[in-house]
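For the sequence shown, our numbering begins at 16 and goes up steadily by one.
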Amino acid sequence: MADRAHLPTNFFTDDVYTIAPTRPTEDSSPADDRWLPHEPEGQLSVDVFETSETVVITAPIAGVKPEDLEIYISNDLVTIRGRREDAATEKAGTHLYQECYWGSFSRSIILPVHVSSESAEAVLKNGVLAITVRKVPGTGYVPVSEVYDDEL
16 MADRAHLPTN
26 FFTDDVYTIA
36 PTRPTEDSSP
46 ADDRWLPHEP
56 EGQLSVDVFE
66 TSETVVITAP
76 IAGVKPEDLE
86 IYISNDLVTI
96 RGRREDAATE
106 KAGTHLYQEC
116 YWGSFSRSII
126 LPVHVSSESA
136 EAVLKNGVLA
146 ITVRKVPGTG
156 YVPVSEVYDD
166 EL
């Protein structure tokens with residue numbers, strides 16, 4: 016049988032009719048927010064490219080104000096969060112098409128190198144967000160060479 020020591024004690028039982036917990040239990044802590052209802056989030060589309068010294072992330076976010084954006088940078092992870100408010104205040108009509116996402120959105124991007132948040136720059140121009148982060152010296156790709164048995 017698989018090792019279950021890392022799972023909550025009430026997750027598995029020998030009774031096949033017992034259902035795993037799907038709501039807070041006495042073992043849940045108030046900080047464990049996975050039990051709280053969350054507003055669905057849209058996923059932000061991004062382009063990522065690199066130069067010899069920087070990584071640049073661009074994202075179209077028309078209609079979002081800078082004060083409605085949050086950017087977090089940690090090692091090789093950049094997270095962009097924001098909210099786009101529906102500009103149409105008149106809700107008496109019926110949508111014929113609704114392709115635009117309104118509400119909260121986020122995107123986390125794992126980069127191939129570590130970057131520094133201290134020199135990061137974020138610019139919003141013409142509805143496009145551009146985030147430029149400097150690579151941390153000494154991080155990057157490591158080439159892999161193949162060695163055959165007869166070469167040892």
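Each residue gets a CB set at the ideal place from its N, CA and C atoms; glycine is no exception. All figures in this text were calculated on a predicted structure; none of them were measured in a lab.
Buried or exposed: where does LYS80 fall if 16 or more other Cβ atoms within 10 Å of its Cβ makes it buried? exposed
Tell me whether PHE64 is buried or exposed, calling it buried when 16 or more other Cβ atoms sit within 10 Å of its Cβ. exposed
How is VAL31 classed by DSSP in three states: helix, strand or coil? The pLDDT assigned to VAL31 is 49, lower than 50, so where the model puts this residue is not dependable; a value taken from the coordinates is nonetheless given after this. Three-state result, VAL31: coil.
May I ask you to list the residues that DSSP assigns as paired with LYS140? VAL143
Could you check if ALA140 is buried or exposed, using at least 16 other CB atoms within 10 Å of its CB as the buried criterion? Contrary to the premise, residue 140 reads as Lys rather than Ala in this sequence. Its Cβ having fewer than 16 others within 10 Å, LYS140 is exposed.
How many Å lie between VAL157 and PHE120 at the Cα? 34 Å
Quick check on DSSP: helix, strand or coil for GLU85? strand
Tell me whether the beta-carbon of ILE198 lies closer than 9 Å to the beta-carbon of LEU84. The structure shown does not extend to residue 198, since the chain is modelled only from 16 to 167, so the question has no answer here.
Burial state of GLY108 (16 or more Cβ within 10 Å): exposed
Distance, Cα to Cα, ILE86 vs TYR163? Each residue's Cα considered, the two are about 46 Å apart.
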